[in-house]
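Participant: Counting from 1, position 66 in the sequence shown corresponds to residue 67 in the working numbering; the numbering is continuous, with no gaps. Ideal Cβ placement from N, Cα and C applies to all residues, glycine included. Quantities reported herein were computed from a predicted structural model and do not represent experimental measurements.
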Amino acid sequence: MKIRLNGELREFAAPQTVLSLLQAVGYGERRVAVEVNREIVARSRHASHALAEGDQVELIQAIGGG
Numbered sequence: 002m003k004i005r006l007n008g009e010l011r012e013f014a015a016p017q018t019v020l021s022l023l024q025a026v027g028y029g030e031r032r033v034a035v036e037v038n039r040e041i042v043a044r045s046r047h048a049s050h051a052l053a054e055g056d057q058v059e060l061i062q063a064i065g066g067g
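#1: If you run the structure through DSSP and keep just helix, strand and coil, what is V26?
#2: Determine the extent of the beta strand (DSSP E) in which L52 is found, giving its start and end residues.
#3: According to DSSP, is R11 part of a helix, a strand, or is it coil?
#4: Out of E36, Q17, S21, which has the shortest C-alpha to C-alpha gap to G8?
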């Protein structure tokens, strides 16, 4: 399945959920904000939110500093 991830077209095995995508790209345990097709997906729904061919996914990780 092809998904646009942070603006880059990528190919992943199907089916995918938000959680499995996060694990596939190395964000498994990190706290990230996830947007699918311009809608925020709550962390509580990462395991159940199915992705589809052509979805646009944005991952945003807060970085602390000061």
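Facilitator: In brief:
#1: Reading the sequence shown from its first residue, position 25 is the one you call residue 26. Here V26 sits in coil by DSSP.
#2: Here residue 52 is taken as the residue at index 51 of the sequence shown, counted from 1. Unbroken run through L52: none, as it is neither H nor E.
#3: By 1-based counting over the sequence shown, the position of residue 11 is 10. Of the three classes helix, strand and coil, the one that applies to R11 here is strand, per DSSP.
#4: Sequence index remark: in the sequence shown, residue 8 carries index 7 (1-based). Nearest C-alpha to G8: E36.
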